[in-house]
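Residue numbers (my numbering): 98 to 271.
Glycine included, every Cβ here is placed at the ideal spot set by N, Cα and C.
Below is one structure, written out as structure tokens, with a few remarks after it.
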Amino acid sequence: YIDIAKLLRDAGASLNQAGEDGTTPLCMACQQGHLDCVRLLLEAGAAVNQAKETGATPLLVACQEGQLECVRLLLEAGAAVSQAIDNGAMNGATPLLAACWDGHVEVAQLLLEAGAAVNQAKETGATPLLVACQEGQLECVRLLLEASAAVNQAKQDGVTPLYIACRQGHLEVA
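Listed below in structure tokens is the structure:
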């Protein structure tokens with residue numbers, strides 16, 4: 098596919114033209130893990146922080162999908178490491194929260210090394226630590242605790258990471 102993408106780029110295809118839901122070619126390449134396409138688009142000047150209609154940036158999408166090398170390229174290209182979604186059910190979610198939700202510990206480590214805010218919460222107050230506890234992501238919990246995540250930072254409804262781990266039955270996390 099990279100040869101086709103190069104031909105389209107050379108023919109003047111718009112790098113940032115989004116589909117109906119606001120997904121750009123860069124965002125789609127990140128979602129699918131097409132590293133060569135991500136590199137090509139970034140080198141050609143694609144907008145690294147252009148969000149979809151949901152507010153998700155290419156970095157957040159790559160983090161959700163566990164695309165470690167795509168995340169690395171995006172960060173090197175200046176992606177905003179703590180840019181949060183600004184609408185919908187995931188309002189306030191950051192790339193770090195997305196990585197921890199699905200247990201992508203290597204991605205989370207890379208984000209923390211790049212300066213991601215370990216305690217940045219969603220609109221509901223959910224932090225990366227709380228989400229990792231909720232989902233039983235033991236390695237992410239360990240990583241976040243090593244990064245000094247606030248263990249008692251509660252959501253707006255008073256739920257703490259320990260509470261959610263116990264409610265979900267994740268004894269190894271509790």
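Given residue i as reference, the closest of the options once Cα atoms are compared
i      : options                           : result
Leu172 : Asp183, Leu207 and Gly142         : Leu207
Val204 : Glu220, Thr221, Pro225 and Lys219 : Pro225
Asn249 : Leu259, Trp198 and His131         : Leu259
Leu198 : Leu235, Val178 and Arg264         : The sequence shown places Trp at residue 198, rather than the Leu named in the question. Here the closest residue by C-alpha is Leu235.
Gly116 : Gln164, Thr151, Ala177 and Gln180 : Thr151
Ala195 : Thr221, Asp183 and Val158         : Val158
Gly266 : Leu240, Gly233 and Ala251         : Gly233
Asn184 : Lys149, Ala141 and Gly130         : Lys149
Integer-rounded CB distance, given that residue j should sit under 8 Å from residue i
i      : j      : result
Ile99  : Cys127 : So it is not a contact: roughly 15 Å between Cβ atoms.
Ser245 : Val215 : 7 Å
Val270 : Val228 : That pair is no contact at about 11 Å.
Straight-line Cα distance separating residue j from residue i
i      : j      : result
Gln275 : Ala102 : What the structure shows of the chain is the stretch from 98 to 271, and residue 275 is not part of that stretch, so it cannot be assessed.
Leu193 : Gln161 : 9 Å
Thr120 : Gln180 : 17 Å
Leu242 : Leu209 : 12 Å
Gln188 : Asp107 : For the record, residue 188 in the displayed sequence is Asn; it is not Gln. Going by the C-alpha atoms only, they are around 37 Å apart.
Ala153 : Val256 : 26 Å
Gly163 : Glu220 : 23 Å
Cys167 : Leu240 : 21 Å
Gly200 : Asp118 : 26 Å
Val178 : Arg264 : 31 Å
Under 9 Å between C-beta atoms of residue i and residue j
i      : j      : result
Thr191 : Ala211 : no
Gln75  : Ile261 : A question about residue 75 goes unanswered here, because the residues of the chain that appear run from 98 up to 271.
Leu165 : Ala143 : no
Leu139 : Leu123 : yes
Ala110 : Val145 : no
Leu104 : Arg136 : no
Ala247 : Gly222 : no
Jot down the residue ranges of each uninterrupted alpha helix (DSSP H) in the region 215-262, minimum 4 residues, whole runs only, in chain order. Correct list: 225-232 and 235-243.
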